[in-house]
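Below is one structure, written out as C-alpha cells, with a few remarks after it.
Residue numbers (my numbering): 58 to 117.
Here it is, written out as C-alpha cells:
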C-alpha cells in the first residue's frame with residue numbers, strides 16, 4: 058500500500074514519514090553507499106564461517 062493509504066488507516070503518522078518512488082538500480086547503490094560510509098560495520102566482529110563449515114564437514 059502507499060504511504061497515503063497507510064496513513065488513512067492509522068498505520069503510520071505522516072509527520073515523520075516520507076515515501077520515495079525509485080528504481081532499484083538507482084536507489085540501492087545510494088543506500089549501500091550511505092551504509093558503508095556511515096562506518097558502523099567497522100565495529101563488528103568478522104564472521105567466522107570456517108568454523109561452521111568445519112563442523113559440518115567433520116560430521117559427514
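Glycine residues also receive a C-beta, built at the ideal position from the N, C-alpha and C atoms.
Can you give the Cα-Cα distance for residue i and residue j, rounded to whole angstroms?
{"i": "residue 107", "j": "residue 100", "result": "21 Å"}
{"i": "residue 62", "j": "residue 78", "result": "15 Å"}
{"i": "residue 70", "j": "residue 90", "result": "28 Å"}
{"i": "residue 68", "j": "residue 84", "result": "25 Å"}
{"i": "residue 105", "j": "residue 94", "result": "24 Å"}
{"i": "residue 102", "j": "residue 110", "result": "18 Å"}
{"i": "residue 81", "j": "residue 92", "result": "16 Å"}
What distance in whole Å lies between the Cβ atoms of residue j and residue i, which are believed to be in contact at a cut-off of 8 Å?
{"i": "residue 87", "j": "residue 76", "result": "Between residue 76 and residue 87 the Cβ distance is about 16 Å, and since that is not below 8 Å, they are no contact."}
Would you kindly report the start and end of the unbroken alpha helix (DSSP H) that includes residue i?
{"i": "residue 67", "result": "It is not in any alpha helix (DSSP H) - residue 67 carries neither H nor E in the DSSP assignment."}
{"i": "residue 118", "result": "Since the first residue of the chain shown is 58 and the last is 117, residue 118 is not available in this structure."}
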